[in-house]
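For the protein sequence lines, the chains are P and U, in the order given.
Position 180 of the first sequence, counting from 1, maps to 174 under this note's numbering, and the rest follow consecutively.
With the second sequence counted from 1, adding 141 to any position gets you this note's numbering.
Note that CB positions come from ideal geometry on N, CA and C, so glycine has one too.
Data first, discussion second: the structure below is written as structure tokens.
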Amino acid sequence: MDLNYSAEELAFRDEVRAWLRANLPQDLREKVENYQHLSRDDLMRWHRTLAKKGWVAPAWPKEWGGTGWNVVQRYIFDEELGYAGTPPIIPFGITMCAAVLLRFGTEAQKKRFLPRIYDGDDFWCQGYSEPGSGSDLASLKSKAVRQGDHYVVNGQKIWTTLAHYADWIFCLVRTDPTLEKRQEGISFLLMDMKTPGITVRPLILMDGAHEVNEVFFDDVKVPVENLVHEEGKGWTVAKYLLGHERMNTGRVGESRRQLARLKEYARGMMQDPRWRDRLSRLEVELTALEITNLRFLDRMRRTGQPPGADVSMLKIKGTEIQQGLAELMMDATDPAASDPLAEAVRKRYLSMRKTTIYAGSNEIQRNIIAKMTLGL
Amino acid sequence: MNFDYNEEQQLLADSVRRYLAKAYDFESRKKIVAGQGWSAEAWAQFAEMGLMGLPLSAEHGGFGGGAVDLMGVMEAFGEALVVEPYLPLVLAVRLIERGGSAAQREALPRVVEGKTRLAFAHNEKGARFALDAVRTQASRKDGRWRLDGEKAAVVGASSADQLVVSARAQESNEAGIALFLVDTGKVSLQTYRTMDERLASDVVLRGADAEPVEGGLGALGEALDLGTALVCAEAVGAMKFACDTTLEYLKTRKQFGVPIGTFQALQHRIVDLYISLEQARSMACLAASKADAGGDPRSISAAKIRIADAARHVSQEAVQLHGGMGMSEELKVSHAFRRLTVLAREFGDADHHLARFAAL
């Protein structure tokens, strides 16, 4: 048993760390560190910096710009991004849409979309949830009707993250409402956000931030070449994405950085045993998650099998820890303070409540483990 | 990075598990507990499998095993709720190997063969988990050491031939703590059953003859950290049993015409038990690795905090999810509850280790 990275892996980590130190722009680093809003330009500037280095899409096949790193290197890279406090790489294009195109897309679709995703020319968003279809995604109602060489799309999506920045949206839509098995009538469509009939309406969350939206589709004409995989096979695509590599969902690197920040911010409170115990328990929980994550990674490297439903555990613990850290940070603010950092920290506490709800609520994650791992 | 046991470790753990499955099932264990409280036959088998020599170097007839080598054994013991005092023996032989006289070390092969039994007497009443709260006095007269004082809750003392005892001596290092080897024939024992069905004794020393074992507070701290790492592994085994048996119960117990495992309220709770178990297993790996790498008290305390919390969570929920049957002595799960309750506190409870973790 050996819990440590190999010498080569450590050298790789140091290389990534040194490069990030030298290439993460100071202004972006400070924005992230101080929980400030990141604009579309901020996000894309960082995206292009990584693209230029050749590191924006490590998991892609080499022919499309991937790095050829193994699963451990990819994990180390992701964790180092979080640890350094870079702006996030928005996953909808690089991680999600690209994975779908690489698995199910035609050659023409790959050529058309992948280079633009890589270079940051297109900003993507994800059209999954609907007002009546949250956890029960297969009940979605937005429909696409084939008319000649177009689909005509009508309906509504909700909680669409950064749709107001997006050039493109990938959507699950119902192409056949007559089938008894509702999963079978769903298709996966790509839509240009500039298409007439698409309207984006902001949904402001309790921290006052504009991050998510409602997206309305009103007789939107989508060329049939924008269908991915076969008509009616959208659920297969969606399931593939869910099972896709999710080794980084625990976000240990990011939480390590938040923990260090918190310890510095709350330095004056360390004498209080009540505070110290809360902080210590959370640090222990994070250490346990880190090792659990490495255990899964080790298993995946040696079996070559993608992580099973157990990876839901990483999402559950990871988000609980992120929320715990945000809560402690908020509790560490002087109740009488109204400086920008204290205000940002409080808003972050509000905002982080979303993490146990999004990307498959933690209750859904527990359902997945119960069914897939425990056989209940 | 590699989280698997190596082949030797796996083979040993498997052979221990096979033996326990055959000869130490719940019914056999009940008989042992109801009888003299430990099984000479099981003890002989453990020696036969090489467990007594596992923590000793080849020089003393052992296999030079570290905490990771012992982990698989401790997990298996945890699953079977073994009551024989193996861990106290491990700590005692480690201390003797480290600082024992030539004669003491020459006697170690008899321990390896299972012929001599040792235990470790450190706890005193009122000390709780403080390392240096030792009041037993050692004094030297005419070149002979004698001990006076009381040790409490010494697991395995009643079946041991000799005890490694911590005491306060004038001529000794650090905080005045020194270690001694004492024949159990020279002390008086008051033996009782612990809440987790093992035998423990209050040990009264009245001018008891003692031979010094080199090593003070440092040696004691190392031994207790090794013990901490190993109870972490044992707790993981006991928790694994509790989780698995509870899952089985959810699949078979029917109410309202369906298995109760179909109820989401219960599904989410057992999922949380398995998450606790995995988090605990990760920390047990950390503790054992650190113990082998020369010790890292902060990490070992971190592990014990997580494992103490997990032990309470898993044991309490396992009983709750079994309903009334969980309370019954007839099911092994209630015995796992008792063992896990004690394991959560052995070598320091969560509060003790939180204080140490934060101070380091």
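Margin query: Restricting to runs no shorter than 4 residues, where is the alpha helix (DSSP H) found entirely within the stretch 117 to 187 of chain P?
Written below: DSSP runs (the alpha helix (DSSP H)) wholly in the stretch 117 to 187 of chain P: none.
Note to self: Quick check: what's the CA-CA separation for L228 of chain U versus A496 of chain U?
What the structure shows: Roughly 25 Å separates the two Cα atoms.
Next item on the list: Pick out whichever of P:W229, P:E174 and P:Q141 has its Cα sitting closest to the Cα of V422 of chain P.
Entry: No statement about residue 422 of chain P is possible, as the shown extent of chain P runs from -5 to 370 and does not include it.
Margin query: Let me check one thing: in DSSP terms, what residues is A333 of chain U bridge-paired to?
Written below: Rather than Ala, the amino acid found at residue 333 of chain U in this sequence is Tyr. Answer is U:A341, bridged to Y333 of chain U.
Notebook entry, point to check: List, in order along the chain, the chain P residues whose C-beta lies closer than 7 Å to that of S423 of chain U?
Noted result: Correct list: A282, I285, T286 and R289.
Notebook entry, point to check: What residues match up with A336 of chain P in a beta bridge as DSSP calls it?
Noted result: In DSSP, A336 of chain P forms no bridge with anything.
Check: Does the separation of the CB atoms of V209 of chain U and I173 of chain U fall below 9 Å?
Finding: Contact flag unset, no.
Notebook entry, point to check: Which residues of chain P have a Cβ atom closer than 7 Å to the Cβ of G402 of chain U, listed in chain order?
Noted result: The CB of G402 of chain U comes closer than 7 Å to the CB of L370 in chain P, given here in chain order.
Check: Which first and last residues belong to the beta strand (DSSP E) in which F210 of chain P is found?
Finding: Where F210 of chain P is concerned, the enclosing beta strand (DSSP E) stretches over H204 to P217.
Margin query: Between U:R347, U:Y390 and U:Y333, which has its C-alpha nearest S299 of chain U's C-alpha?
Written below: Shortest Cα-Cα distance from S299 of chain U to any of U:R347, U:Y390 and U:Y333 involves U:Y333.
Next item on the list: Return the chain-ordered list of same chain residues with a C-beta closer than 8 Å to the C-beta of L211 of chain U, the five sequence neighbours on each side being excluded.
Entry: The residues are L195, P196, V231, L371, A374 and A429.
Checklist line | P400 of chain U (DSSP reduced to helix, strand or coil) | finding: P400 of chain U falls in the strand class under three-state DSSP.
Notebook entry, point to check: Taking the alpha-carbon positions, what's the Q396 of chain U to E458 of chain U distance?
Noted result: Within the model, the alpha-carbon separation for Q396 of chain U versus E458 of chain U is close to 19 Å.
Note to self: Using CA atoms only, rank isn't needed, just tell me which of P:N28, P:E3 and P:N(-2) is closest to P334 of chain P.
What the structure shows: The option with the nearest alpha carbon to P334 of chain P is P:N28.
Margin query: At the level of alpha carbons, what is the spacing between D437 of chain U and D366 of chain U?
Written below: Cα-Cα distance, rounded: 9 Å.
Note to self: So with CB distances below 8 Å, who are the chain U contacts of R360 of chain P?
What the structure shows: Under the 8 Å cutoff, chain U gives Q408, H409, V412 and D413.
Item checked: Status (buried if at least 16 other CB within 10 Å, exposed otherwise) for F211 of chain P -> Here F211 of chain P is buried: its Cβ has 16 or more other Cβ atoms, across all protein chains shown, within 10 Å.
Checklist line | First through last residue of the beta strand (DSSP E) which encompasses S299 of chain U | finding: No beta strand (DSSP E) holds S299 of chain U; DSSP gives it neither H nor E.
Next item on the list: Output the residue ranges of the alpha helix (DSSP H) runs that lie fully inside the stretch 164 to 219 of chain U and measure 4 residues or longer, sorted by chain position.
Entry: Runs found: 167 to 175 and 181 to 189.
Next item on the list: Take D350 of chain U as the anchor and find which of U:V328, U:D337 and U:R394 has the nearest alpha-carbon.
Entry: For D350 of chain U, the nearest C-alpha among the options comes from U:V328.
Notebook entry, point to check: Beta-carbon separation of V209 of chain P and I180 of chain P under 9 Å?
Noted result: Taking the C-beta atoms as reference points, I180 of chain P is found no nearer than 9 Å to V209 of chain P.
Notebook entry, point to check: Any beta-carbon of chain P closer than 9 Å to the one on D366 of chain U?
Noted result: Judged by the 9 Å Cβ criterion, D366 of chain U is not in contact with chain P.
Next item on the list: Measure the CB-CB distance between S133 of chain P and W153 of chain P and report whether it falls below 9 Å.
Entry: No, the pair does not count as a contact, with Cβ atoms beyond the cut-off.
Check: Would a check of beta-carbon distances place C373 of chain U closer than 9 Å to chain P?
Finding: Answer no: the Cβ-Cβ gap between C373 of chain U and chain P never drops below 9 Å.
Item checked: Partners in chain U for S249 of chain P, counting only beta-carbon separations shorter than 9 Å -> Neighbours of S249 of chain P in chain U, taken as residues at a C-beta separation under 9 Å, are lacking, since the least C-beta distance is about 14 Å.
Check: Can you name the start and end residues of the alpha helix (DSSP H) that R230 of chain P belongs to?
Finding: Looking at the sequence provided, one finds Thr at residue 230 of chain P rather than Arg. G228 to G237 is the span of the alpha helix (DSSP H), which, as asked, contains T230 of chain P.
Margin query: Once the 5 residues before and after R176 of chain P are set aside, which same chain residues still bring their CB inside 7 Å of it?
Written below: The answer, listed in chain order, is A132 and S133.
Check: Exposed or buried, K256 of chain U, counting other C-beta atoms within 10 Å across all chains shown (16 or more means buried)?
Finding: With a threshold of 16 other beta carbon atoms within 10 Å, K256 of chain U falls short and is exposed.
Checklist line | chain P contacts made by the stretch 192 to 216 of chain U, where a contact means CB separation under 7 Å | finding: Under the 7 Å Cβ criterion, the stretch 192 to 216 of chain U contributes V209.
Item checked: Residue range of the beta strand (DSSP E) that includes R195 of chain P -> Unbroken beta strand (DSSP E) run through R195 of chain P: I192 to I198.
Next item on the list: Could you name the residues that DSSP lists as bridge partners for E278 of chain U?
Entry: Inspection of the sequence shows that residue 278 of chain U is occupied by Gln rather than by Glu. Answer is U:D289 and U:R309, bridged to Q278 of chain U.
Margin query: Just checking: is the beta-carbon of R176 of chain P within a distance shorter than 9 Å of some beta-carbon in chain U?
Written below: False, the Cβ-Cβ gap to chain U never drops below 9 Å.
Notebook entry, point to check: Is DSSP giving A353 of chain P helix, strand or coil here?
Noted result: Three-state DSSP puts A353 of chain P in coil, outside helix and strand.
Next item on the list: Show which residues of chain P have a CB atom less than 9 Å away from the CB atom of R447 of chain U.
Entry: Correct list: R275, V278, E279, T281 and A282.
Check: Between the beta-carbon of P353 of chain U and the beta-carbon of S475 of chain U, is there less than 9 Å?
Finding: It is not a contact, given that the beta carbons lie outside the stated cut-off.
Margin query: Can you give me the C-alpha to C-alpha distance between E238 of chain U and V278 of chain P, rounded to a whole angstrom?
Written below: The straight-line gap separating the alpha-carbon atoms of E238 of chain U and V278 of chain P is approximately 33 Å.
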